[in-house]
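Quick note: the sequence shown uses numbering that gives the first Met the number 0, first residue 0, plus one each step. See below for the structure under consideration.
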Amino acid sequence: MTQPVLPTAQPSVSRRVVRALLAMASVLPAFPALANPQHPSAWQINLTRGDSGLSHDVWDLHMAVFWVCVCIGIVVYGVLVYSLFKFRKSKGAKPDTGFTHHTLLEVVWTTIPVLILIGLAYPASRLLVYENNTAGSQLTVKVTGVQWLWRYDYVDYLGQPIRHVGLISKLAEDSNEARQGVPGISPWNIKSKSGVRDYLLNVTEPLVVPTHTKIQFLITSVDVIHGFWVPALGWQADAIPGQIHDAWGEFDNPGTYRGQCAQLCGQDHAYMPIVIKAVPRSEFQQWLADRESKAHMDVISRTAQVVRASETQPQG
Ligand SMILES: [Cu+2]
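Now the structure itself:
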């Protein structure tokens with residue numbers, strides 16, 4: 000067997016490669032700091048940490064997997080780049096044509112990835128089971144995707160059924176007019192009360208939910224597949240016609256949380272944002288009571304209209 004002619008090591012090159020990899024790795028911890036659960040900030044490229052125990056668990060797992068991948072990348076690409084420089088043709092290196100396999104090495108590089116995959120699959124599976132366990136929810140909201148808006152129906156709260164409280168949430172009027180080129184409305188001038196630019200991000204009416212409450216979302220659609228995605232919740236669920244997908248979420252702090260439809264659902268897919276307004280429990284209870292009494296009055300008014308119409312009908 001011909002032995003390869005190996006050149007002498009080039010410590011300056013390998014040291015430069017290691018230094019470059021370390022420099023790249025040192026920038027990465029800055030990314031999570033940019034994650035804002037309520038408003039995405041400029042250059043926010045990492046997953047948001049969200050605003051509840053569940054979303055923090057998702058984020059922690061995501062970061063753990065991320066760092067495992069970074070370590071694997073450093074080892075694999077480190078060896079690759081080091082070998083490229085150390086054994087380059089210009090230094091006289093020649094391939095070992097007689098080499099076919101190395102049993103011990105093959106066992107090692109098969110066993111290590113299998114162990115890494117098992118190590119990642121175990122916490123991921125546990126979190127998946129936890130994420131799908133909606134038992135003990137205190138509020139249930141049915142979410143229906145419609146081309147191209149969201150409908151929310153409140154089903155029950157603290158074990159009590161809620162009747163006739165629902166709302167249609169579609170793209171805010173100013174954004175809708177600006178996107179259609181209505182004269183006099185510029186996308187750049189559309190801002191919320193707090194001065195946040197919210198062109199295409201605001202809706203006619205947000206989904207109002209209480210903080211510190213386990214909320215069960217029953218997600219479905221009436222036409223095509225939509226995707227209910229609010230990054231602060233830590234998950235995304237498909238809204239599929241004829242199926243109910245249940246998931247749960249919670250908000251620890253009051254605020255406005257934004258999301259988007261995450262499945263390409265038609266020509267106005269980009270114009271059906273999601274806005275969730277989390278408010279303290281007492282405020283939510285007041286809001287719900289107002290909505291229930293308004294819904295009750297609407298039912299009475301409609302019934303009275305029907306009775307009046309039947310009374311004024313000419314008797315045959
Ligand atoms: Cu869509």
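In this text, a Cβ means the ideal position worked out from N, Cα and C, and glycines have one as well. For clarity, every value in this text was computed on a predicted model and none was experimentally measured.
Less than 7 Å between C-beta atoms, sequence neighbours within five positions excluded: which residues of the same chain meet that for residue i?
i	result
valine 207	Lys276, Val278, Phe283 and Trp286
histidine 225	Gly144, Ala238, Cys260, Gln262 and Cys264
glycine 165	Arg150, Tyr151, Asp152 and Tyr153
glutamate 105	none
serine 51	Gly248, Glu249, Phe250 and Asp251
alanine 123	Leu60
leucine 119	Val64 and Val67
isoleucine 115	Val67
Could you give the residue range of the alpha helix (DSSP H) that holds residue i?
i	result
phenylalanine 84	52 to 85
valine 207	No alpha helix (DSSP H) contains valine 207, which is instead part of the beta strand (DSSP E) from 206 to 209.
Quick one: residues in its chain with C-beta nearer than 6 Å to the C-beta of residue i, no 5 flanking neighbours on either side, listed in chain order?
i	result
leucine 157	Gln137
isoleucine 243	Leu217 and Thr219
threonine 212	Gln137 and Leu138
leucine 33	Bear in mind that a pLDDT of 41 at leucine 33, under 50, signals an unreliable position, so the model cannot answer this.
glycine 248	Ile214 and Leu232
methionine 271	Trp147, Leu148 and Cys260
aspartate 197	Ser191
threonine 317	Absent from the structure is residue 317, since the part of the chain shown begins at 0 and ends at 315.
proline 186	Ala177 and Tyr198
threonine 133	Gln215, Asp245 and Trp247
Which partner residues of residue i appear in the DSSP bridge assignment?
i	result
tryptophan 247	Gln215
glycine 226	Asp237
serine 89	Paired residues: none, contrary to the question.
serine 220	Gly144 and Pro240
valine 195	DSSP output for valine 195 lists no bridge partner at all.
Beta strand (DSSP E) containing residue i: first to last residue?
i	result
glycine 183	Note, glycine 183: premise wrong, no beta strand (DSSP E); not H, not E.
Can you name, in chain order, every residue of its own chain whose Cβ lies under 8 Å from the Cβ of residue i, other than the five neighbours on each side?
i	result
threonine 203	Ile167, Ser168, Lys169, Leu170, Ala171 and Glu172
leucine 126	Asp56, Val57 and Leu60
isoleucine 161	Tyr153, Val154, Asp155, Leu287 and Glu291
glycine 349	Coverage of the chain is limited to positions 0 through 315, which leaves residue 349 absent and any answer about it impossible.
proline 240	Thr219, Ser220, Val221, Asp222, Val223 and Ile224
histidine 163	Glu291, Ala294, His295, Asp297 and Val298
isoleucine 273	Trp149, Ser168, Val202, Leu206, Phe227, Trp228, Val229, Arg257, Gly258, Gln259 and Cys260
leucine 200	Ser174, Arg257, Pro272 and Val274
glutamine 159	none
Exercise for the section: Take every Cβ of the stretch 94 to 103, pair it with every Cβ of the stretch 196 to 207, and state whether three or more of those distances are shorter than 8 Å. Expected result: Output reads no: the stretch 196 to 207 does not touch the stretch 94 to 103.
Problem - the stretch 249 to 260 / the stretch 65 to 84 touching (three or more Cβ pairs under 8 Å) - result: No: fewer than three Cβ pairs fall under 8 Å.
Problem - alpha helix (DSSP H) runs contained entirely in the stretch 96 to 180, provided each spans 4 or more residues - result: Taken in chain order, the complete alpha helix (DSSP H) segments of 4 residues or longer contained in the stretch 96 to 180 are 102 to 130 and 172 to 178.
Handout entry: Complete alpha helix (DSSP H) runs within the stretch 231 to 315 (minimum length 4 residues, chain order)
Key = Those alpha helix (DSSP H) runs which fall completely within the stretch 231 to 315 and span 4+ residues are 280 to 311.
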